[in-house]
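A.B. asks: Under this note's numbering, the first residue of the sequence shown is numbered 33, with each subsequent residue one higher.
Just so you know, even glycine gets a beta-carbon here, dropped at the ideal spot from N, CA and C.
Since we're looking at a predicted model, the values are computed, not measured.
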Amino acid sequence: GYTAYQRYERDQLALSHQGRYSFGTWQTTLTHTTSNNLGRSLPLTLDERADLQTLWNDVCRRTGAAANCAAGRGNALTALNASEQARLQAFLPRPLRTMELEGYVLDTMLDMTFGAHKLTVGGQYNDTDMVDGVFGMDGAGYRDNVKQQHRMWSVFAEDNWSLTDTLTATVGVRYDDHNIFGSHVSPRGYLVWNASDAWTIKGGVSTGYKTPRPDQLFPGVTGFGGQGVLPLVGSPNLQPETSTNYEVAAYYEGSDWGFNVTGFLNK
Numbered sequence: 033g034y035t036a037y038q039r040y041e042r043d044q045l046a047l048s049h050q051g052r053y054s055f056g057t058w059q060t061t062l063t064h065t066t067s068n069n070l071g072r073s074l075p076l077t078l079d080e081r082a083d084l085q086t087l088w089n090d091v092c093r094r095t096g097a098a099a100n101c102a103a104g105r106g107n108a109l110t111a112l113n114a115s116e117q118a119r120l121q122a123f124l125p126r127p128l129r130t131m132e133l134e135g136y137v138l139d140t141m142l143d144m145t146f147g148a149h150k151l152t153v154g155g156q157y158n159d160t161d162m163v164d165g166v167f168g169m170d171g172a173g174y175r176d177n178v179k180q181q182h183r184m185w186s187v188f189a190e191d192n193w194s195l196t197d198t199l200t201a202t203v204g205v206r207y208d209d210h211n212i213f214g215s216h217v218s219p220r221g222y223l224v225w226n227a228s229d230a231w232t233i234k235g236g237v238s239t240g241y242k243t244p245r246p247d248q249l250f251p252g253v254t255g256f257g258g259q260g261v262l263p264l265v266g267s268p269n270l271q272p273e274t275s276t277n278y279e280v281a282a283y284y285e286g287s288d289w290g291f292n293v294t295g296f297l298n299k
């Protein structure tokens, strides 16, 4: 739910360094990010929903209507007596919902040139904690400070190799290590042929890897849709998305006009 006052806070601090050396250019950035979504409230627990339904059933029976009559709408609210009004007000105000995120991300990348090779190597470390009040939700209430953690580091390398004056090969590989899913290797390869001043032919194969968000992996309620009445549930059994992507393309750039044709196949 939402309170009368809404505010979203996000603070980001970044420390960057770029060094130009005889062997290449080295860039490193350390980023610290915090965010806080204020003004959100916790929905009814399962037990509270059952108590609320009991209240409406009591009102329906007392007024001579069928059970589950237009609960909370129209004349049902005006039919509440003092005792029933007190039972309804006991659900309010709703407790505030904590929605916080804090994370550190370290990125580093080194570009080097050796003869016909342009080599890029680098890595990333991601350490993020997510706290949401609904993470600790169960039938009877809530548990505070339940965190979902995301720890992942990766290293990568890519080489642009000028095989001839008209043919360039790009090969690369990325290694990821996740605190839940373990390790994964993602290779890629690409060729670019400048067939003439006007024609360029490209083609290659790449692989993709994407892990679920921390909230998607939580074994329980992760949020609510449908104006706060539809619980959204995560699953620790989710697996990363993987893909293999094929591409071939032809480009024409004439003096007066140009066009390109590209074919994709993603698996």
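Going by CA-CA distance only, name the one from Gly33, Val178, Gly258 and Asp197 that's closest to Val163.
C.D. replies: Val178
A.B. asks: Could you tell me the boundaries of the beta strand (DSSP E) in which Leu87 lies?
C.D. replies: No beta strand (DSSP E) contains Leu87, which is instead part of the alpha helix (DSSP H) from Leu78 to Arg94.
A.B. asks: Is it buried or exposed for Val217, if we count other Cβ within 10 angstroms and need 16 for buried?
C.D. replies: exposed
A.B. asks: What is the DSSP secondary structure of Ala97, reduced to helix, strand or coil?
C.D. replies: coil
A.B. asks: So, Glu116 versus Asp83, is the Cβ gap smaller than 8 Å?
C.D. replies: no
A.B. asks: Within 8 Å (strictly less), CB to CB, does Val293 reach chain D?
C.D. replies: As a matter of chain content, chain D is missing from the structure shown, which is built from one protein chain.
A.B. asks: What's the C-alpha gap between Asp43 and His64?
C.D. replies: 8 Å
A.B. asks: Within 10 angstroms of the Cβ of Thr66, are there 16 or more other Cβ atoms? Answer buried if so, exposed if not.
C.D. replies: exposed
A.B. asks: Is it true that the segment 232-247 meets the segment 269-288, where meeting means three or more beta-carbon pairs spaced less than 8 Å apart?
C.D. replies: yes
A.B. asks: Residue range of the alpha helix (DSSP H) that Gln121 falls in?
C.D. replies: Ala114 to Gln121
A.B. asks: Considering just the uninterrupted stretch of the beta strand (DSSP E) at Val205, what are its terminal residues?
C.D. replies: Leu199 to His210
A.B. asks: With H, G and I counted as helix, E and B as strand and the rest as coil, what does DSSP make of Phe167?
C.D. replies: helix
A.B. asks: Using DSSP with H/G/I as helix, E/B as strand and the rest coil, what is Gln50?
C.D. replies: Gln50 sits in a strand when the DSSP states are folded into three classes.
A.B. asks: According to DSSP, simplified to helix, strand and coil, what is Asp288?
C.D. replies: coil
A.B. asks: Below 8 Å on the Cβ atoms is my guess for Lys234 versus Ala201; work out the distance and round it to an integer in Å.
C.D. replies: Not really, about 11 Å apart at Cβ, beyond 8 Å.
A.B. asks: Just to confirm my understanding: we take Phe256, look at its own chain, exclude 5 residues before and 5 after, and list those with CB closer than 8 Å. What are they?
C.D. replies: Pro75, Val166, Leu262, Pro263 and Leu264
A.B. asks: Cutting at 6 Å between CB atoms, please list the residues of its own chain near Phe250, excluding the five before and the five after it.
C.D. replies: Answer for Phe250: Phe167, Gln180 and Gly266, listed in chain order.
A.B. asks: Check each candidate in Tyr222, Asp229, Leu270 and Gly56 and name the one with the smallest Cα separation from Gln248.
C.D. replies: Leu270
A.B. asks: Let me know the secondary structure DSSP gives Leu249 once reduced to three states.
C.D. replies: helix
A.B. asks: With H, G and I counted as helix, E and B as strand and the rest as coil, what does DSSP make of Phe55?
C.D. replies: coil
A.B. asks: With three or more C-beta pairs closer than 8 Å as the rule, is the segment 119-130 touching the segment 145-158?
C.D. replies: With fewer than three CB-CB distances shorter than 8 Å, the segment 145-158 does not count as touching the segment 119-130.
A.B. asks: Using a Cβ-Cβ cutoff of less than 6 Å, which residues in the same chain neighbour Ser194 once the five nearest sequence positions on both sides are dropped?
C.D. replies: Ala148 and Thr200
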